[in-house]
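Visitor:
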Amino acid sequence: MSRESALVSADWVEEHKNDAGVVLIEVDEDVSAYDAGHIAGAIKIDWQDDLQDPVRRDFVSQEQFEALLSDRGVKNDDTVVLYGGNNNWFAAYAYWYFKLYGHGDVRLLDGGRKRWELDSRELTDEVVKREATEYSAQPQNLEIRAFRDEVKDAIGVKNLVDVRSPDEYAGRLLAPAHLPQEQAQRAGHIPTAASIPWSKAANDDGTFRADDELKTLYADAGVDFGKDTIAYCRIGERSAHTWFVLHEILGQANVKNYDGSWTEWGSLVGVPVALGDEPGKA
Amino acid sequence: MCGAKKGGLDLKGVDVDKEAVIQGQVLRGEEPVGGAYVRLLDSTGEFTAEVPTSATGHFRFFAAPGSWTLRTLAPKADPVDRQVVAQYGEVAEVAVTV
């Protein structure tokens, strides 16, 4: 993967948004944002209602994902272009999720909704309905998804990258500062994890920084590009953003997103937790 | 800067004693700016959070006690930085003009 194959610009979207075989999909943390205004032709996926099992904490099944994309009118060979608010957090999460279920051609709109709005580009509240399809998904590609036991075994062995804010890493906050404090039982981070906030990979306008800046960012923070990497955050959406940077833009092999993330780790009984600004020992 | 301002965001459901709330409004002249982006940077300048403003230009953060910078990005305007101190039991109210 590379920047060229994974990212598209706002100009590209303006030029290609009506092409047959291009499907724009908005995915937001604030699921009401789409209804107030979206890029013309874009459909919506709700990261919670559409992508999470309603009972267990897990994703929808392969069959449910097939039913979802069939209903929304997405074909297997479509170029899916994702974008969203919050610097593309949830759009990057959906990107990773589409890859998890084996969709071929997925792109992210660089800068997402924010860059689009700051450019004063057009948004519409027109209702979009695509003709239903028969979408066929693959079994989950677990090469890009990490579970807790693998994370425990990775302490002191693989690159662990904590992409939350420094205060969440150190244990001074349990959740991003725009959300009420909630979730995990304990604060802190997984021992040996490097603190590399997702935001360091993005410019103020939400676009991704240049490849050489990104490589320097991770290398300087202690990521060994010769090792496997697991990224995590609070619920796996910001770490999908970092997974996107490492795996899709920089083309690193063996990068996984731990979607259980801190809400799981910080509530597990018996696992090690480090407090403070230092990574801590294995 | 501190103290809930009359006409500010409704604090119903927010436990002000347990949250260090920073909130306010983005204005262009007298007009509220909806769809601007307010970034919360910590005392070292590190990004902590970001919210888009509401249609009435309002925004709110649940921060930790301490010194913060609000960086506001709005269409057709240069970024604006404002310093703010947050603490439990008080609401830091900030008006940002772009």
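Chain order of the listed sequences is S and X.
To convert a position in the first sequence, counted from 1, into the numbering used here, add 24.
To convert a position in the second sequence, counted from 1, into the numbering used here, add 45.
The beta carbon of each residue, even a glycine, is placed where N, CA and C say it ideally should be.
1) Lys68 (chain S) bridges to which residues according to DSSP?
2) Is it a yes or a no for the stretch 113 to 121 of chain S touching the stretch 42 to 53 of chain S, going by three-plus beta-carbon pairs under 8 Å?
3) Ordered along the chain, which non-local residues of its own chain (more than five positions away) have a Cβ less than 7 Å from that of Val61 (chain X)?
4) Near Pro124 (chain X), what residues of its chain come up, given a Cβ to Cβ distance below 6 Å and the 5 sequence neighbours on each side ignored?
5) From Thr266 (chain S) to Lys251 (chain S), what does the alpha carbon distance come to, in whole angstroms?
6) Does Glu91 (chain X) come within less than 7 Å of chain S when only Cβ atoms are used?
7) Given a limit of 8 Å on CB to CB distance, which residues of the stretch 136 to 150 of chain S reach chain X?
8) Could you spell out the range, first to last residue, of the alpha helix (DSSP H) harbouring Lys239 (chain S)?
9) Select from S:Ala234, S:Gln209, S:Tyr107, S:Trp222 the residue whose C-alpha is nearest the C-alpha of Val32 (chain S).
10) Quick one, are the C-beta atoms of Gln68 (chain X) and Leu54 (chain X) less than 7 Å apart?
11) Does Ser88 (chain X) pass the burial test, meaning 16 or more other C-beta atoms within 10 Å, or should it be called exposed?
12) Within the stretch 89 to 174 of chain S, note down every full alpha helix (DSSP H) run reaching 4 residues or more, in order along the chain.
13) In its own chain, which residues sit with a C-beta less than 6 Å from the C-beta of Val279 (chain S), not counting the 5 before and 5 after it?
14) State the beta-bridge partners of Arg73 (chain X) as determined by DSSP.
15) Give the DSSP-derived three-state secondary structure of Leu292 (chain S) in the structure shown.
16) Taking the C-alpha atoms as reference points, what is the distance between Val143 (chain X) and Phe92 (chain X)?
17) Any beta carbon from chain X within less than 7 Å of Tyr196 (chain S)'s own beta carbon?
18) Tell me where the alpha helix (DSSP H) around His103 (chain X) begins and ends.
Guide: Walking through what the data contain:
1) S:Glu50
2) yes
3) Gly134, Val136
4) Arg116, Leu118.
5) 16 Å
6) yes
7) Of all residues in the stretch 136 to 150 of chain S, only Lys138, Glu141, Leu142, Asp143, Ser144 place a beta-carbon less than 8 Å from a beta-carbon of chain X.
8) 235 to 244
9) Comparing Cα-Cα distances from Val32 (chain S) to each of S:Ala234, S:Gln209, S:Tyr107, S:Trp222, the minimum goes to S:Tyr107.
10) yes
11) exposed
12) 109 to 124, 136 to 142
13) Thr253, Trp267, Leu270, His271
14) X:Glu76
15) coil
16) Spanning the two alpha carbons is a distance of roughly 20 Å.
17) At residue 196 (chain S) the sequence reads Arg, which differs from the Tyr that was named. So, interface residue.
18) If you look at His103 (chain X), you'll find it isn't in any alpha helix (DSSP H); it sits in the beta strand (DSSP E) that goes 103 to 108.
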